[in-house]
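Below is one structure, written out as structure tokens; the observations come after it.
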Amino acid sequence: MSWRRKKIQKVNEPQRLFLENGSILTRRARQMLQRGTLDNDDNRLVMIKKKAYGGRHVRKICRDISVSSMVSGHKNFLKLLGCCLELTCPALVCEYAESITVNAHHQIDPTLTWNKRIKIARDISNSLAYLHTAFSTTFIHRNVHPRNVFLDVKGVAKLGDFRNCVTIPQGESFVREYKLEGTYGYLDPNYMSKGMITENVDVYGFGVFMLVLLSRRTPGLDDELHPDFLTRLVEDGRFVEILDPVMLESDFAEGELCRMEAFFLLSLKCIGLRGQVPEMMEVSKELKRIERS
Numbered sequence: 002m003s004w005r006r007k008k009i010q011k012v013n014e015p016q017r018l019f020l021e022n023g024s025i026l027t028r029r030a031r032q033m034l035q036r037g038t039l040d041n042d043d044n045r046l047v048m049i050k051k052k053a054y055g056g057r058h059v060r061k062i063c064r065d066i067s068v069s070s071m072v073s074g075h076k077n078f079l080k081l082l083g084c085c086l087e088l089t090c091p092a093l094v095c096e097y098a099e100s101i102t103v104n105a106h107h108q109i110d111p112t113l114t115w116n117k118r119i120k121i122a123r124d125i126s127n128s129l130a131y132l133h134t135a136f137s138t139t140f141i142h143r144n145v146h147p148r149n150v151f152l153d154v155k156g157v158a159k160l161g162d163f164r165n166c167v168t169i170p171q172g173e174s175f176v177r178e179y180k181l182e183g184t185y186g187y188l189d190p191n192y193m194s195k196g197m198i199t200e201n202v203d204v205y206g207f208g209v210f211m212l213v214l215l216s217r218r219t220p221g222l223d224d225e226l227h228p229d230f231l232t233r234l235v236e237d238g239r240f241v242e243i244l245d246p247v248m249l250e251s252d253f254a255e256g257e258l259c260r261m262e263a264f265f266l267l268s269l270k271c272i273g274l275r276g277q278v279p280e281m282m283e284v285s286k287e288l289k290r291i292e293r294s
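Using the working numbering, you'd call the opening residue of the sequence shown number 2 and step up by one each time.
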């Protein structure tokens with residue numbers, strides 16, 4: 002498989018490194034995302050993912066390839082088309098899709114409407130529920146973050162990047178790892194304090210992801226996403242204060258606020274602020290109900 006490489010998009014200078022071949026590297030993720038075309042497939046547009054460094058990171062790339070190949074048949078995962086193993090570090094060639102983030106802080110695109118945001122949440126909940134239930138062992142993604150979510154030309158949201166994915170053996174409810182993987186602000190407190198990886202790691206991260214979709218705020222940097230502040234919003238009936246002002250500028254029926262509130266309360270349930278933490282399958286079903294209400 003041959004492919005041509007181009008820069009995928011321009012971004013803020015501090016977050017990038019220019020490689021010798023002129024490609025741009027995202028420093029934070031240490032992973033290049035490039036746009037290319039397949040010469041033998043009518044110049045089909047594709048996304049190329051390549052790790053920046055070798056050594057121990059090669060194992061993570063191989064994990065990404067392995068899990069991606071297992072889930073590529075599901076519409077809510079970034080489809081793996083192939084990989085180039087002859088390179089120093091393997092490169093993944095995936096279907097082309099656009100990131101939902103727009104800047105160095107990985108804030109979501111402000112032009113996304115409320116209806117698009119709730120659909121993104123439902124699509125990604127479907128992908129996580131699939132990881133948790135479709136195989137004999139449970140797969141935990143461990144990095145449910147906006148930078149790992151993409152939209153195809155039809156507006157279907159797709160989850161990618163399985164470098165941090167781990168499996169829980171059949172018959173077990175958790176595994177333990179003392180080296181934390183993931184993104185600050187999205188990490189389940191039990192995982193952070195005890196190194197316990199359960200399905201709740203993804204449920205918690207997804208709950209934070211829902212809050213980000215609703216607010217466009219940055220976890221860990223904005224006090225408005227602190228659990229104590231979120232709890233006060235519920236108690237005082239002031240949930241509207243968390244909503245993205247840009248999203249509120251759009252015209253929508255008053256009933257949409259009820260859906261937004263239900264979405265907000267479900268996100269709080271996912272991060273453990275409202276009763277028992279649900280399983281991803283339950284979250285997916287509830288999001289489908291909210292979307293259709």
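Heads up, the beta-carbon is just placed ideally off N, CA and C, and yes, glycines get one too.
Note that the structure is a prediction, hence the values are computed from the model and not measured.
Can you tell me the Cβ-Cβ gap for isoleucine 119 and alanine 158, rounded? I've got them flagged as a contact below 8 Å. With 8 Å as the limit, isoleucine 119 and alanine 158 do not qualify as a contact, their Cβ atoms being about 11 Å apart.
Classify aspartate 162: buried if its beta carbon has 16 or more other beta carbons within 10 angstroms, exposed otherwise. buried
When you compare the region 181–191 with the region 144–160, are there three or more beta-carbon pairs, one atom per stretch, that lie closer than 8 Å? yes
Taking the alpha helix (DSSP H) that cysteine 271 belongs to, which residues open and close that run? 256–271
Mind checking arginine 123: buried by the 16 CB within 10 Å criterion, or exposed? buried
Going by DSSP, which residues form a beta bridge with lysine 117? Bridge partners of lysine 117: none, in fact.
Just the Cα atoms here: how many angstroms apart are lysine 195 and valine 176? 11 Å
Helix, strand or coil for threonine 232 per DSSP? helix
Could you compute how far the alpha carbon of aspartate 224 sits from the alpha carbon of aspartate 245? 15 Å
Valine 167: first and last residue of the uninterrupted alpha helix (DSSP H) it sits in: Careful: valine 167 lies outside any alpha helix (DSSP H), inside the beta strand (DSSP E) at 167–169.
Which first and last residues belong to the alpha helix (DSSP H) in which isoleucine 141 is found? Note, isoleucine 141: premise wrong, no alpha helix (DSSP H); beta strand (DSSP E) at 139–141.
Go to lysine 180, then tell me how far its alpha helix (DSSP H) extends in each direction, as first and last residue. No alpha helix (DSSP H) holds lysine 180; DSSP gives it neither H nor E.
Helix, strand or coil at phenylalanine 151 according to DSSP, with G and I counted as helix: strand
Residues sharing a beta bridge with glycine 83, DSSP: Val94
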